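First comes the structure, then the notes that go with it.
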Amino acid sequence: MFLSNRDRLIRALSSKDRESRAEAARKLGDLGAKEAVPQLILLLKDESMLVREMAAYALGRLKDSSAIQPLIDALHSKEENNEFVLRQVTSALIEIGYLSIHYLIAALKENNDRQLREACAWVLDQLGVDLQNRKDETAAFYWLAKPGGWETCIKLGEVGVKAVLLALKRGWLSREEVIQSCEGLLLFELGVLGKERRWAIAWLLDQLGWTPPEDDKKLAACYWIAKQRWDRCVSLGHSAIDALIRVLTHDKSPEIQSGAKKALQDLGWLG
């Protein structure tokens, strides 16, 4: 019975010799043998690191959409810890290109594995998917996946805050670190945040059961400004003046200008 070169290589994928399996996988990828995709997907779980690496290489060359989810699964497999295999899996997803974007975004939003989400965000960067300048739900989960990026997620406003709350529910973040970040944003970026983002941060603190500390009137003032509760700012006395001046200087929206000026007048700072 005559076997074509491709058929012989496909048979070699089942060889007991790991080098033969690896070489066959590499050659099938280079030949564009899409009929080998199902077997190559199975080889992503081969006992040999070299075979897994070459299987990922081949799947990247073949650019078949059926390989995307198995490749993503390989990224967060508890059994896969070889950096060469993981690097080749990542390269394969990049080679497959735009077809993998939907799957990568789904993993960003749903997968509980932090390292996988971070890897998916990195692959999306390499594919040229510009999520850093977007302000939607996908961008929020992108920033949650980036190391230290969840503070940027909060700055997105309501959409980011909702994503952070979901991340908290899933155990991706801790209540303490989110509260600390929100406090820092209100204290140090109060004026430049804008009223919508300030309000969203204050609302997030509310959802976490946080209340303004009695021993930190400056932080309390920032919180009440974010809530646009000017009367509560006035009740704090002169401790609120610095925060009111900052927001008055940076936020030119009419309602903020009016409220902050009125509070400063009530405090005797403006005539």
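So for the sequence shown, numbering that gives the first Met the number 0 puts the first residue at 0; every next one is plus one.
Backbone N, C-alpha and C fix where the C-beta goes; we use that ideal spot for every residue, glycine too.
Since this is a predicted model, take the numbers as computed values, not measurements.
Contact check for Ala199 against Glu157 passes: the beta carbons are separated by less than 7 Å. Ranked by Cα distance from Asp63, the first of Tyr56, Val84, Val36, Gly267 is Val36.
Collapsing the DSSP output to three states places Lys134 in coil. Following the DSSP letters along the chain, one finds Pro37 inside the alpha helix (DSSP H) bounded by residues 36-41. Following the DSSP letters along the chain, one finds Pro69 inside the alpha helix (DSSP H) bounded by residues 67-74. Counting the other CB atoms within 10 Å of its CB gives Glu52 a total of 16 or more, which places it among the buried residues. Counting every other CB atom within 10 Å of its CB across the protein chains shown gives Gly31 a total below 16, marking it as exposed.
Check the Cα spacing between Lys161 and each of Lys134, Gly193, Glu22, Ile104: the tightest is with Lys134. When the alpha-carbon of Asp29 is set against those of Asn4, Ala144, Asp16, Leu41, the nearest one is in Asn4.
Here the alpha carbons of Ala262 and Arg231 stand approximately 9 Å from one another.
By the CB criterion at 7 Å, Ala259 and Leu235 fall outside the cutoff.
Ala57 places its beta carbon less than 7 Å from that of Ala24.
CA-CA distance, Ala242 to Gly190, rounds to 8 Å.
Distance from the CA atom of Met48 to the CA atom of Leu12, rounded to whole angstroms, is 14 Å.
Excluding its 5 nearest sequence neighbours in each direction, Leu115 has C-beta neighbours in its own chain below 8 Å: Ile71, Leu74, His75, Ala106, listed in chain order.
Annotated as proximal: Val122 and Ile93, with beta-carbon spacing under 7 Å. Per DSSP, the continuous alpha helix (DSSP H) segment holding Leu185 begins and ends at 174-187. Here Thr89 is buried: its Cβ has 16 or more other Cβ atoms, across all protein chains shown, within 10 Å.
Shown here, Asn4 sits in a helix according to DSSP, grouped into three states.
Here Pro69 is buried: its Cβ has 16 or more other Cβ atoms, across all protein chains shown, within 10 Å. The continuous stretches of alpha helix (DSSP H) do not include Thr210, and DSSP gives it neither H nor E. Remark: C-beta atoms of Ala201 and Lys226 approach each other more closely than 7 Å. Under the DSSP assignment, Trp121 falls in the alpha helix (DSSP H) whose first and last residues are 113-125. Rounded to the nearest whole angstrom, the C-alpha separation of Asp6 and Glu46 is 23 Å. Counting only residues of its own chain and dropping the five nearest sequence neighbours on each side, Ile240 has a CB closer than 8 Å to the CB of Leu263, Leu266, Trp268. Looking only at Arg60, Gln179, Arg17, Ile224, the smallest Cα-Cα distance to Lys33 is reached by Arg60.
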